[in-house]
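To keep things clear, I will list the structure first and then write my remarks on it.
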Amino acid sequence: MSGSDEEIYAVADFCLIPMGTGEPSVGPYIAECHRVLEKSGLTFKVRGYGTNLEGPWDAVCAAIGDCHLAVHKQGAPRIATDIRIGTRTDKVLAPGTGNESKLRRVQEILAADKKE
Numbered sequence: 001m002s003g004s005d006e007e008i009y010a011v012a013d014f015c016l017i018p019m020g021t022g023e024p025s026v027g028p029y030i031a032e033c034h035r036v037l038e039k040s041g042l043t044f045k046v047r048g049y050g051t052n053l054e055g056p057w058d059a060v061c062a063a064i065g066d067c068h069l070a071v072h073k074q075g076a077p078r079i080a081t082d083i084r085i086g087t088r089t090d091k092v093l094a095p096g097t098g099n100e101s102k103l104r105r106v107q108e109i110l111a112a113d114k115k116e
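Quick note, the sequence shown lines up with residues 1 to 116 if you use UniProt numbering.
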């Protein structure tokens, strides 16, 4: 982050929506974004209506920007992207475990419900 030597770890969810392509399918555009994310080296998981992404704040933001560039190069004249980014300072997250640990915590709570 600008103005600081300390890098903050970001856990993000984003949904990139190509617009003005003249076709209903966005699959080819999302596949290209997937290729970009693979090259980024960040931990990510593409889902039906969005992508979980995590890593250093600047790298996460750069990867989303790189997805925009790649999708524009494929011919999408407009892109709308919804982004949610969470950070925390109360504990250290091991790289690549942010989204996974959130899901695991909810699963533990639900499993406890079944034991009652």
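Ideal placement from N, C-alpha and C gives every residue a C-beta, glycine not left out.
- A contact between stretches requires three or more CB pairs, one per stretch, nearer than 8 Å, and the stretch 53 to 60 meets this requirement with the stretch 36 to 43.
- Contact between residue 18 and residue 79 is confirmed by a C-beta separation of about 6 Å, below the 8 Å threshold.
- DSSP places residue 27 outside any beta strand (DSSP E); the residue lies instead in the alpha helix (DSSP H), whose first and last residues are 27 to 40.
- Distance from the Cα of residue 60 is smallest, within the candidate group 102, 36, 25, for 36.
- For residue 15 against residue 90, the beta-carbon gap comes to about 27 Å, at or over 8 Å, which does not count as contact.
- Relative to residue 85, the option among 110, 57, 101, 102 whose CA is nearest is 57.
- Around residue 26, the same chain offers 17, 18 as residues with beta carbons nearer than 8 Å, after the five sequence neighbours per side are excluded.
- Setting aside the 5 residues that flank it on each side, residue 96 is surrounded in the same chain by 43, each with a C-beta closer than 6 Å to its C-beta; the list follows chain order.
- In this structure, the alpha-carbon of residue 103 lies about 21 Å from that of residue 116.
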